[in-house]
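Numbering (our numbering), first residue to last: 1 to 140.
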């Protein structure tokens with residue numbers, strides 16, 4: 001499978017340990033069960049929060065805090081609308097998702113990618129992420 005086939009573009013990041021499941025499950029308190037690659041699902045009883053009904057993928061979790069992205073908040077925009085100057089973006093059909101309240105002007109690509117390369121960070125088996133535009137252009 002071409003790596004771009006599973007490309008998910010996410011705008012914005014989550015930082016800190018303020019995610020709903022993090023507080024309940026002990027994230028930010030040195031819990032060994034929480035690590036990069038873990039998926040957190042908001043409790044059904046969480047209402048009136050930015051994280052209501054969210055699914056969050058942790059990209060990093062350590063003594064300095066956590067970084068993650070919301071996976072299930074589609075914006076209604078396509079990659080071609082966000083980056084019309086990229087010729088291959090015009091035909092990609094890739095949806096843009098809102099990843100969180102921090103750094104909403106940042107693009108993060110979550111992708112199926114087996115190989116490590118400059119600008120691509122492995123997250124778990126077969127899944128990597130990147131913040132670099134050059135990586136997006138190369139994958140398109």
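Ideal placement from N, C-alpha and C gives every residue a C-beta, glycine not left out.
Could you give the distance in angstroms between the alpha-carbon of residue i and the alpha-carbon of residue j?
| i | j | result |
| --- | --- | --- |
| residue 41 | residue 91 | 32 Å |
| residue 56 | residue 128 | 15 Å |
| residue 52 | residue 43 | 8 Å |
| residue 39 | residue 65 | 16 Å |
| residue 86 | residue 47 | 39 Å |
| residue 45 | residue 71 | 19 Å |
Can you list, in chain order, the residues of its chain with a C-beta nearer than 7 Å to that of residue i? Leave out the 5 residues immediately preceding and following it.
| i | result |
| --- | --- |
| residue 74 | 95 and 97 |
| residue 77 | 96 |
| residue 225 | One cannot answer for residue 225 here, as it falls past the ends of the chain, which runs 1 to 140. |
Starting from the Cα of residue i, find the closest Cα among the options and give me that residue.
| i | options | result |
| --- | --- | --- |
| residue 134 | 125, 127, 120 and 126 | 120 |
| residue 117 | 71, 138 and 76 | 138 |
| residue 49 | 100, 109, 115 and 113 | 100 |
| residue 93 | 113, 54, 79 and 105 | 79 |
Using the beta-carbon count (16 or more within 10 Å), is residue i buried or exposed?
| i | result |
| --- | --- |
| residue 111 | buried |
| residue 69 | buried |
Tell me which same chain residues have a C-beta within less than 6 Å of the C-beta of residue i, skipping the five on either side of it?
| i | result |
| --- | --- |
| residue 35 | 61 |
| residue 88 | 140 |
Could you give the first and the last residue of the continuous beta strand (DSSP E) run that contains residue i?
| i | result |
| --- | --- |
| residue 38 | It is not in any beta strand (DSSP E) - residue 38 carries neither H nor E in the DSSP assignment. |
Consider the Cβ of residue i: report whether some Cβ of chain D lies at a distance smaller than 9 Å.
| i | result |
| --- | --- |
| residue 54 | Of the protein chains in this structure there is only one, and it is not chain D. |
Let's see if you can read the secondary structure: which residues bound the alpha helix (DSSP H) around residue i?
| i | result |
| --- | --- |
| residue 112 | Careful: residue 112 lies outside any alpha helix (DSSP H), inside the beta strand (DSSP E) at 102–112. |
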